Each structure stands twice: as structure tokens, then as C-alpha cells.
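Report on the following structure.
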Amino acid sequence: MTATFVHAQGWIQFDVHGLATQFWNNTIDGLAQGGIYALIALGYTLVYGVLKLINFAHSEVFVVGAFATWITFYLLGFRTGATPDLSAVEIILYLAIAGIAAMAVSGATAVALERVAYRPLRNRNAPRLVFLITAIGASFALQQTLKLIFGLNQQPQIRLLQPEPLFKLFGASVTNIHVILVVAAVVLWFVADYFVNKTRLGRGIRAVAQDPDTATLMGVNKERVIIVTFLVGGLLAGAAAMFYMMRIPQGAIYNGGFLLGIKAFAAAVLGGIGNLRGALLGGLVLGLVENYGQSLFGGGWKDVVAFVVLVIVLMFRPTGILGESLGKARV
Amino acid sequence: MNNLRERWSSLSRPAQWGILIPVLVLIYFLPVIDPPLIATTGTDFPTAMFDVARYALVAVGLNVVVGQAGLLDLGYVGFFAVGAYVAALFTSPDSSLHKLPYLWTLPLAMAITMIFGIILGTPTLRLRGDYLAIVTLGFGEIIRLLADNVGPLRGQIGFQAVGTVGGKPLLANATQWYWLTVTIIVAVLLLVGNLERSRVGRAWVAIREDEDVAEIMGVATYKFKIWAFVIGAAIGGLSGALYAGKVGFVNNQSFDVVTSMLFLAAVVLGGAGNKVGVLLGAVVVAYLPLRFVQIAQYNYLIFGIALIVLMIFRPQGLLGARQRLLAKGRQAYQRLIGRGEQLSGDSALATEPGGGN
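Chains as they are written, first to last, in the working numbering: chain C, 1 to 331; chain E, 1 to 357.
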């Protein structure tokens, strides 16, 4: 493969050779990052499926989880600097504690958000744009609260698990963190899918997504279903935050949610918003595409690729790859 | 409030101007008077007033898109950025392009942002509601990221000495920039006001209130939505070029999404669809943090909470548009009924071609 550089007057460059050499590294890294997108995307998709609302503040629910993870590590006595020497059991224990803390805090934030911001609007039958503007306001308010508490800078990194290459795949090294992230995303997605498709509460969620009025008449407690939906989305965002902090230990920063949130939303739309399978697929695909784009166009273009994907999908196939189906799913 | 509004609209046109002109003169001379109570600490008052005026112009432009046509645009800062970069590329010595006099770049910025408006609007305006909002957000971010990454746009280094003539700034001080901006706002308000009362304006209102019904009633919704987008874009580009000229420096730092949200907050707080309302909203959003420096740190937090509270208790904003439109419709209806009674009889049909005002 010969190196090919096309310079269009220095505006955009194409590095096909870079993409070819980096392909498998990009694939592995993209899947790991995509797993995080998928977990956040599940929150968007669930809420959208039930309320037809883009929960703009979901990205802040995620960031709150990232801070909770960091604070838990700190309270457990870990500080920035060298990775402590821990046994496998200890690592799993501490990560589980942090994960539970993050899930609890994110879940509580999501439910609080629903009660404070969205429920009063539902009681007033507000139009959809009013919901969206409220969501933007809530996102703003949460983000700025974090900024006031934790300041402008990112928290110093605390790393419990050092990335170590486990094996090679087509010349690209796969680390333990890559494996954990992809496995965690798939497992949590399975849990969420099982919850929505097989449990009683999940049936309620699908019923409300399909037809709120009929569901209410059939004895489904709509308000409780909505709370549960926000809670599940929040829990998944919290888990995503913990895994994200494993990958990027310095990731706790007040405005860190915006970009991740919008990309996760793009992932949800890409797979088909309102569709759990779509969230997983969309997350992984977006992770891959933006990493390939990064190699092809250069580092700064990663986010551009993600946004362009979002715009193109919305324009040409707004129902995504798999279509909207939370309400249409049959058991 | 409604009472006041009715009394205002019952005044004759010259009487309205009779009140408006002294108010306008007062607004023009605010930086010169520098009234003690509203003077700002930290920033000098004329500069603060220019900032307020800049926000007001942006709010008027965004109001065409959000308020009148009901298209939620979260990427409006993108147009503002395009306008600023046009001014920078054609006037700064750091740019390799042919230099133009700064004032020429104002219409040029409008023209180029209009082209951007068409490019963005043509594919995206087929979408509705929240999907449209997200796509515009994506476009706003893409424009900012292009400024980051495209070499000739100079990223964070940016362009120095924008809008200078032979090394000197075009206007000597902030007060003059303020006057220029206020003059432009008045002109834009007159144009937009005319548009509002025309066929185009009625089409926008119809689309905002119910797009499906508008379509069925024969409004070419897509066409008018693009018009709203393009006109809004032009005003955004104009204010971007003004900002670039006043500050004299453009880089990639001032066009993030947060700014876009602040623009939106100005429109929504004041009352989308109401010109006086959005001017008020812009004054609130731009002026309060400058006047009360101690709250400046919290200003995004306050506006975030304000948006939530407002949407719950008064979703139409401080000064709503809908009621006034209904009132206008009622007046027109009353007039019609009144005239019908007046002209009842054989001459009713004969007067029809000359009917109306």
C-alpha cells in the first residue's frame, strides 16, 4: 500500500495509508469507545421511546456519574499518581463499589430531573418544543452546578487498572480495558433488553411507548413507568460513566458530557431511536466510523465525522438502521 | 399588560412614532449620559451597551427563525461565526485573500451567510421539531470544528486587526460602534416588521401554529421555512461581522454551543415571536451579567434555571406572541363584522376589491 496524500490547498487531507496501517487498532479502540456510546444511547432511546422526548440533560446525568466514580475512588483512599498494586479481587471490588455509587447517583439525578423539570410540563400538556427547551435549561443548570462545585479543570486522574495488552489481533494489541468495555456494554445491553422485553415493568414501558392512553386504561401506572424509564436510563449512564473513567481516568470535567452526549444521541438515532438493539448497534458503528475518520482525515476531524454521520442519518434515514420499535416490539 | 398592548395598537401610526422617536433618541444617547444607576462596573458602559446591542441584533434574527416560523435552531451561532470569519478573511492582514473596506464586508457577510442558510436549510428543513433542533446543533458544531481544523482559518491563533483601515480601527470608540449597531437594529426591525405583516409573515405564523394545517391550506411550508432560515441567517451573519469589526480579533473560541444556547435563551425568555419581547430578553441575557458582576459567575446557571421555571409557568416567555396574534385576528374579525353590518345591502360586493386598509 503506497502512501497517498491528497492536499486540497491544505484544507483537508486524506491519509489512506494511515487508515490502512491503523485499521485494526482503530477497530478495537472504536468498539471500546462505541460500547460507552451504546450505554449512554440506551438512556436516550428509552426516554425517547416512552415520552418522545430528547432528554437533552442525559449527558449531564452521565457526567454526574463520572464525578461520582472519581469521588468514590478518592474516598476509598486512592490518589492521583502511580497505579496502586492491587490483587484482581480487590480491583473488582473497588470498581464494583465505584460502579454502584455512580449508578445510584446518576439514577437519582435522572429521576430528580424527571420530577422537577418534566413532570410539571406533562401535567400541563405542554407542546414538545417546550419540553426540549426545558431539557436544554436543565442541562445548562446541571452543568453549571458541577462547574461551581468542582471548578473549570478536570479532576486529576485516578487509575485502578493499568491497561495491559492481552493478545494481538491482526497486529493490533488488545488490552484488558478494551475487553472489559466491550463485554460490559454487551452484558448491560442484554440486561436492559431482558428487562424491557421479559419483565412486568418492561412490559409496562413498552405499553406506554406504544399507546399511553390505552396503557393507562389497561391499568398501567404511567407515572411509575416513566420514573422507571428515567431510572433505568440513569443507571445505565452511571455504569457507562464508571467504564468511561476506566478508559479515560481524567474524564471527570463539568462540560465533558456535551460531546459524549451528542454522540451517544447520534448513535441512538443511527441505530434507530426508540430501539434497544439499535442503540447498541449505533454505538458500536459510530465508535468505529469516527475512529476510521480520525485516521483518514487527522485527529481534529474525529468529532466532525461523528456530527456529519448524525446529520446524514437524520436527513436520509431518520428512523435509523433498524427503525423505531420500542413500542412496536412484540414478545 | 394586554390593556397596554391594546391601547398601543389603537393609537394611530404617527402617534406611535411620536412615542417611539423620543424613546429611540434616549436609547441612542444612553452611553453618553452614562446614567449612574444602570452603569456597569468592570466593563466600561459604552462597551457593555455595544454588547447588549449585539445580542439584541442576534435575538431579532433568531426570532425570525424560532419565534415567527417556529423552527428551533440550536446552531445559530454557526451563522454568527460565518459572518465574523467573512469580516476577518476580507479585512485582516493575516488573511491571504483580497482586502475589502470593512463596511463592504457587512453586506458580503450577509450574502455569504444566506448562502450557508440555503445550504443548511435545503436538506434539513424537511425535518421537524426536535430532529431539526439536533441537526442544527450538529451543523453549528461542524462550523466551529471547521474553524478549529481547517488550516487557512487559523484555529486558535486567529485573525488580528479585523476591520481596520490602514492600521486604524474604523470607528474611534465603543459609543460609535453602539450607534452603528443600534441604527442597523432599527433598520432590521423595520424590514422584519414589514415582512411580519406581509404574506410571508402570515405563512410563518401558520407554519408555527400548525404545520400540517398550513400545508393543507395551501401554504408552501418548505419554501417559507427556507425563507425564515435564510433571513435569520443573514441577520446572524451581520451581527457576527459587526462583532468581528468591533473586537478586531476573530478566532475559534467564541462560537461554542453554549453561546448558541444563550442566544436561544434570550429569545425564549423574552417571548419568542414578539419583537419587543426578544429585545427585552437580549437585554436581560447580555446586560444583567455585566451590571451585576457578582452574578456573572452564575449567569449560565441562572439562565438554565430560568428556562426551566419559565417553561413550567409561562412557556410563551415574558411577553408572549400568541395572545397578540389572537388579538390581531379578533380585531380583524371585528372589523370585518362591523364593516359587513355597515355595508349590509346591495353594495357589499362592490366594495370588496378596495376592502381592507
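Just so you know, even glycine gets a beta-carbon here, dropped at the ideal spot from N, CA and C.
Computed from a prediction, not measured in an experiment: that's the story for all the values here.
For the candidate residues C:V116, C:P249, C:D303, whose alpha-carbon lies nearest to that of C:G81?
In the first sequence, counting from the first residue as 1, residue 81 of chain C sits at position 81. Nearest of C:V116, C:P249, C:D303 to C:G81, Cα basis: C:P249.
For C:V76 and E:D34, I'd like the C-alpha separation in whole angstroms.
Taking the first sequence and counting its residues from 1, one reaches residue 76 of chain C at position 76. Taking the second sequence and counting its residues from 1, one reaches residue 34 of chain E at position 34. Contrary to the premise, residue 76 of chain C reads as Leu rather than Val in this sequence. Computed Cα separation, rounded: 57 Å.
In chain order, what residues of the same chain lie with their CB nearer than 6 Å to the CB of E:R5, ignoring the 5 residues before and after it?
Within the second sequence, numbered from 1, the residue matching residue 5 of chain E stands at position 5. Same-chain partners within the cutoff: there are none.
Quick test of the definition: if touching needs 3 or more C-beta pairs under 8 Å, does the segment 230-238 of chain E touch the segment 54-65 of chain E?
Yes: the two stretches touch, three or more of their Cβ pairs being nearer than 8 Å.
E:A206 to E:G70 span [Cα, whole Å]
In the second sequence, residue 206 of chain E corresponds to position 206, counting from 1. In the second sequence, residue 70 of chain E corresponds to position 70, counting from 1. The straight-line gap from Cα to Cα measures roughly 10 Å.
E:G151 versus E:L242: straight-line alpha-carbon distance, rounded:
Numbered from 1 along the second sequence, position 151 holds the residue referred to as residue 151 of chain E. Numbered from 1 along the second sequence, position 242 holds the residue referred to as residue 242 of chain E. The alpha-carbon atoms of E:G151 and E:L242 are separated by roughly 24 Å.
According to DSSP, what are the bridge partners of C:T175?
As a working mapping, residue 175 of chain C is identified with position 175 in the first sequence. DSSP, once it has assigned bridges, lists C:P165 as partnering C:T175.
Below 8 Å, how does it come out for the segment 100-120 of chain C and the segment 130-147 of chain C: are there three or more Cβ pairs, yes or no?
Touching, yes, given that three or more Cβ pairs across the two stretches are closer than 8 Å.
Per-residue DSSP class, three states only, for E:V250
In the second sequence, counting from the first residue as 1, residue 250 of chain E sits at position 250. Secondary structure at E:V250: strand, using DSSP grouped into helix, strand and coil.
Exposure label - E:S10; buried when at least 16 CB within 10 Å
For the purposes of this step, residue 10 of chain E is taken as the residue at position 10 of the second sequence. Burial call: exposed.
Pick helix, strand or coil for E:F159, following the three-state DSSP scheme.
As a working note, residue 159 of chain E is residue 159 in the second sequence. In the structure shown, E:F159 adopts extended strand secondary structure according to DSSP, grouped into three states.
Please report the Cβ distance between C:F307 and E:I118, rounded to the nearest whole angstrom; I am assuming they are in contact, meaning their Cβ atoms lie under 8 Å.
Here residue 307 of chain C refers to the residue found at position 307 when the first sequence is read from its first residue. Here residue 118 of chain E refers to the residue found at position 118 when the second sequence is read from its first residue. Contact annotation, C:F307 with E:I118: C-beta distance approximately 20 Å; criterion of less than 8 Å not satisfied.
Can you check whether the CB of E:G83 is closer than 9 Å to the CB of E:G248?
Here residue 248 of chain E refers to the residue found at position 248 of the second sequence. Here residue 83 of chain E refers to the residue found at position 83 of the second sequence. Taking 9 Å as the Cβ cut-off, E:G248 and E:G83 do not qualify as a contacting pair.
Assuming C:L129 contacts E:G271 under a Cβ cut-off of 8 Å, what Cβ separation, rounded to an integer in Å, is found between them?
For the purposes of this step, residue 129 of chain C is taken as the residue at position 129 of the first sequence. For the purposes of this step, residue 271 of chain E is taken as the residue at position 271 of the second sequence. Beta-carbon to beta-carbon, C:L129 and E:G271 are separated by about 14 Å, too far to satisfy the 8 Å threshold.
9 Å Cβ cutoff, C:T145 in contact with chain E:
Sequence index remark: in the first sequence, residue 145 of chain C carries index 145 (1-based). Closer than 9 Å: yes.
Can you tell which of E:V77, E:V188, E:I308 has its C-alpha closest to the C-alpha of E:S254?
Within the second sequence, numbered from 1, the residue matching residue 254 of chain E stands at position 254. The candidate whose alpha carbon is nearest that of E:S254 is E:V77.
Here's the rule I'm using: 16 or more other beta-carbon atoms within 10 Å means buried, otherwise exposed. How should E:Q294 be labelled?
In the second sequence, counting from the first residue as 1, residue 294 of chain E sits at position 294. With fewer than 16 other Cβ atoms within 10 Å, it is exposed.
On a CA-only basis, which of C:A66, C:H58, C:F140, C:I91 is nearest C:A110? Give me that one, please.
As a position in the first sequence, residue 110 of chain C is number 110, starting the count at 1. Of the listed residues, the one whose Cα sits closest to C:A110 is C:H58.
Can E:A265 and E:L319 be called in contact, C-beta distance under 9 Å?
For the purposes of this step, residue 265 of chain E is taken as the residue at position 265 of the second sequence. For the purposes of this step, residue 319 of chain E is taken as the residue at position 319 of the second sequence. Result no, Cβ atoms of E:A265 and E:L319 do not sit closer than 9 Å.
Any 3 or more C-beta pairs closer than 8 Å across the segment 25-39 of chain C and the segment 209-218 of chain C
Because the criterion of three Cβ pairs below 8 Å is not met, the segment 25-39 of chain C and the segment 209-218 of chain C do not touch.
Please list the segments of the beta strand (DSSP E) lying wholly inside the segment 291-315 of chain E, counting only runs of 3 or more residues, in order along the chain.
Whole beta strand (DSSP E) segments, 3+ residues: zero.
How big is the Cα-Cα spacing for C:E164 and C:G34?
As a first step, residue 164 of chain C must be located in the first sequence, where it is residue number 164. As a first step, residue 34 of chain C must be located in the first sequence, where it is residue number 34. Approximately 20 Å between the Cα atoms of the pair.
DSSP three-state assignment for C:R317, whether helix, strand or coil:
Position 317 of the first sequence holds residue 317 of chain C. The three-state secondary structure of C:R317, taken from DSSP, is coil.
Which residues of chain C have a Cβ atom closer than 7 Å to the Cβ of E:F419, listed in chain order?
Residue coverage of chain E in this structure runs from 1 to 357, which leaves residue 419 of chain E outside it and unanswerable.
Output the distance between the C-alpha atoms of C:V220 and C:G43, rounded to the nearest integer angstrom.
As a first step, residue 220 of chain C is located in the first sequence; it is residue number 220 there, counting from the start. As a first step, residue 43 of chain C is located in the first sequence; it is residue number 43 there, counting from the start. Roughly 21 Å between the two C-alpha positions.
Can a CB atom of chain C be found closer than 9 Å to the CB of E:N131?
Taking the second sequence and counting its residues from 1, one reaches residue 131 of chain E at position 131. Per the sequence shown, residue 131 of chain E should be read as Tyr rather than Asn. Answer yes: the Cβ-Cβ gap between E:Y131 and chain C drops below 9 Å somewhere.
For chain C, is any of its Cβ atoms less than 9 Å away from the one on E:V135?
Taking the first residue of the second sequence as position 1, residue 135 of chain E is located at position 135. So, interface residue.
Among residues of its own chain, excluding the 5 on either side of C:V61, which ones have a beta-carbon nearer than 6 Å to its beta-carbon?
For the purposes of this step, residue 61 of chain C is taken as the residue at position 61 of the first sequence. The beta carbon of C:V61 sits closer than 6 Å to the beta carbons of S106, T109, A110, G234, A237 from its chain, once the five residues preceding and following it are set aside; these are given in chain order.
Which residues in the same chain have their Cβ closer than 8 Å to the Cβ of C:I177, if we skip the five residues on either side of it in sequence?
Numbered from 1 along the first sequence, position 177 holds the residue referred to as residue 177 of chain C. Around C:I177: A32, L161, P163, M246, R247.
Chain C contact for E:Y333 (CB, 9 Å cutoff):
As a first step, residue 333 of chain E must be located in the second sequence, where it is residue number 333. Taking 9 Å as the threshold, the shortest C-beta distance from E:Y333 to chain C does not fall below it.
With a threshold of 9 Å between beta carbons, is C:V174 in contact with chain E?
Start at 1 with the first residue of the first sequence, and residue 174 of chain C comes out as number 174. Output row for C:V174: interface = no.
Have a look at E:L72, E:T183, E:A220 and flag the residue whose alpha-carbon is nearest the alpha-carbon of E:L24.
Here residue 24 of chain E refers to the residue found at position 24 when the second sequence is read from its first residue. Of E:L72, E:T183, E:A220, the residue nearest in Cα terms is E:T183.
Anything in chain E within Cβ reach of C:I133, meaning under 7 Å, just list it in chain order.
Mapped onto the first sequence, residue 133 of chain C falls at position 133. At a C-beta separation below 7 Å, C:I133 has these neighbours in chain E: V268, L307, M311.
Could you give the first and the last residue of the continuous alpha helix (DSSP H) run that contains C:Q155?
Numbered from its first residue, the first sequence carries residue 155 of chain C at position 155. Unbroken run through C:Q155: none, as it is neither H nor E.
Chain-order list of residues whose beta-carbon lies under 6 Å from that of E:Q323 (same chain, five-residue window excluded)
Within the second sequence, residue 323 of chain E is the residue found at index 323, counting from 1. A caution first: E:Q323 carries a pLDDT of 47, below 50, which makes its placement in the model too unreliable to give a value.
Exposure label - C:E90; buried when at least 16 CB within 10 Å
Looking up residue 90 of chain C in the first sequence gives position 90. C:E90 is classed as exposed because its beta carbon has fewer than 16 other beta carbons within 10 Å across all chains shown.
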